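Notes for the one structure printed next.
2 protein chains.
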Amino acid sequence: MPPPAKTPSAKTESAAAPSPRTDRLDARVLEGLVGYNARRAWLIVSTVFADRMAPYGLKQIDFSVLSLLAHNPGATSRQLCNTLDILPPNLVSLVATLDGRGLIERRPHPHDGRAVGLHLTPAGETLIREAEQAVVQLETEASSRLSTRERETLIKLLQKIYL
Amino acid sequence: MPPPAKTPSAKTESAAAPSPRTDRLDARVLEGLVGYNARRAWLIVSTVFADRMAPYGLKQIDFSVLSLLAHNPGATSRQLCNTLDILPPNLVSLVATLDGRGLIERRPHPHDGRAVGLHLTPAGETLIREAEQAVVQLETEASSRLSTRERETLIKLLQKIYL
DNA sequence: TATTGTTATACTCTATAACTATA
DNA sequence: TATAGTTATAGAGTATAACAATA
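If you read the sequences in order, they're chains A and B.
Letter 6 of the first sequence, counting from 1, is numbered 2 in our numbering, and no numbers are missing.
Letter 54 of the second sequence, counting from 1, is numbered 50 in our numbering, and no numbers are missing.
Following this line, the structure appears as structure tokens:
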């Protein structure tokens, strides 16, 4: 059996340079891991998201909550928590802030006296409509090196992991 | 122009159920975003990672540092920071802990008196060798619904975003 | 003057325990 | 007894400013 074809190694670049003194290291092991790559990609999209959503005063979690309420009027905190995988105590101040900004409204739940139905206000509706458009735009730019087909494939494969 | 074909909406499930009272909400807008999906997928892999690496006493960042040092002996803190996109102050206690555990060693840098070359100890070499195998295994399981080809495609597409 | 590594610190995110009011 | 929402709090993760030693 012939020796296996070696993948190019950083060490073989130059036999006389044990300390290449570059700023970047050989990260090929990490770059072969789904977890590492998913986090790095998310970090990039995240940064663009934060920049573009700053004018709307929305962080990622705020956007998620408003977008869910736009398409699920009357949803409860518990439903938001289950859908977004966040813990109830961490949603409280968030909902309170959105309420204080006049973007959402808390109404008594029709069938359950313990629960509170969350609804977008007209201001909230307007804001999330604009924000959703901005997010679609920002997502397209952040993944501009992917074709439409590739982007769809990427999302489909990611969902095979968590959905 | 005819009305556009409606995508199936949660609202059309039943005209008499304005509050479906389910635990899951319609999240199709979010599920169309790369950022959202990348984060959700990373969260899953992350959980599996934490469970399987607990016996080794390694968090993700510890694993990344040790793995980089295994393939880049003598790397400096600054190089680790640049490669992993973390800030220097946040690496200090981390390196100190790995040093305290006897997994890495700090040696004076040959060409730069300010810098410190980081090296794995024999114990560190052994640990990261086992840990890398465990991570490959855990990654395969966490992405078990993907074929080998799909997993490669996923990684390639993620790297198109951040690399 | 610029860079490496460091300290101190603050802010955000995430997690747990315990309470209340309703079911 | 169990669940929805809340409070308080603790722990991680991430960020900035400022300093000492060296280039």
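Beta carbons are placed, not taken as given, at the ideal position from N, Cα and C, and that holds for glycine.
None of the values given here were measured: they were computed from a predicted structure.
The C-beta of residue 37 of chain A comes closer than 8 Å to at least one C-beta of chain B. Here residue 72 of chain B is not near residue 20 of chain A, since their CB atoms are 8 Å or more apart. In this structure, the straight-line span from the alpha carbon of residue 135 of chain B to that of residue 142 of chain A is close to 24 Å. Look at residue 52 of chain A: its C-beta is not under 8 Å from any C-beta on chain B.
Counting C-beta pairs closer than 8 Å gives three or more between the region 57 to 66 of chain A and the region 99 to 118 of chain A, which meets the contact rule.
The beta carbon of residue 86 of chain B sits no closer than 8 Å to any beta carbon of chain A. Counting only runs that start and end inside the region 80 to 157 of chain A, the alpha helix (DSSP H) elements of at least 4 residues fall at 84 to 96, 118 to 138. Between the alpha carbons of residue 111 of chain A and residue 31 of chain B lies a gap of roughly 31 Å. Per DSSP, residue 68 of chain A is not a residue of any alpha helix (DSSP H), being assigned neither H nor E.
If you compare the alpha carbons of B/50, B/95, B/47, B/120 with that of residue 67 of chain B, the shortest gap goes to B/120. Interface with chain A (8 Å Cβ-Cβ cutoff): residue 149 of chain B is included. Contact between residue 150 of chain A and residue 150 of chain B holds, with the beta-carbon distance rounding to 7 Å and staying under 8 Å.
For residue 54 of chain A, the secondary structure class from DSSP, reduced to helix, strand or coil, is coil. In this structure, residue 37 of chain B lies near residue 34 of chain A, with their beta-carbon atoms less than 8 Å apart. With 16 or more other Cβ atoms from the protein chains shown falling within 10 Å of its own Cβ, residue 147 of chain A counts as buried. For residue 65 of chain A, the closest of B/22, B/125, B/113 by C-alpha to C-alpha distance is B/22. Counting the other Cβ atoms within 10 Å of the Cβ of residue 83 of chain A gives fewer than 16, which makes it exposed. Contact note: residue 139 of chain A reaches chain B through 30, 157, using a C-beta cutoff of 7 Å and chain order. Exposed is the label assigned to residue 92 of chain B, since fewer than 16 other Cβ atoms lie within 10 Å of its Cβ.
The beta carbon of residue 55 of chain A sits closer than 8 Å to those of 46, 49, all from its chain and outside the five residues before and after it, given in chain order. In this structure, the straight-line span from the alpha carbon of residue 116 of chain B to that of residue 69 of chain B is close to 7 Å. Boundaries of the alpha helix (DSSP H) harbouring residue 34 of chain A: 30 to 49, taken from the DSSP string. At least one beta carbon of chain A lies nearer than 8 Å to the beta carbon of residue 64 of chain B.
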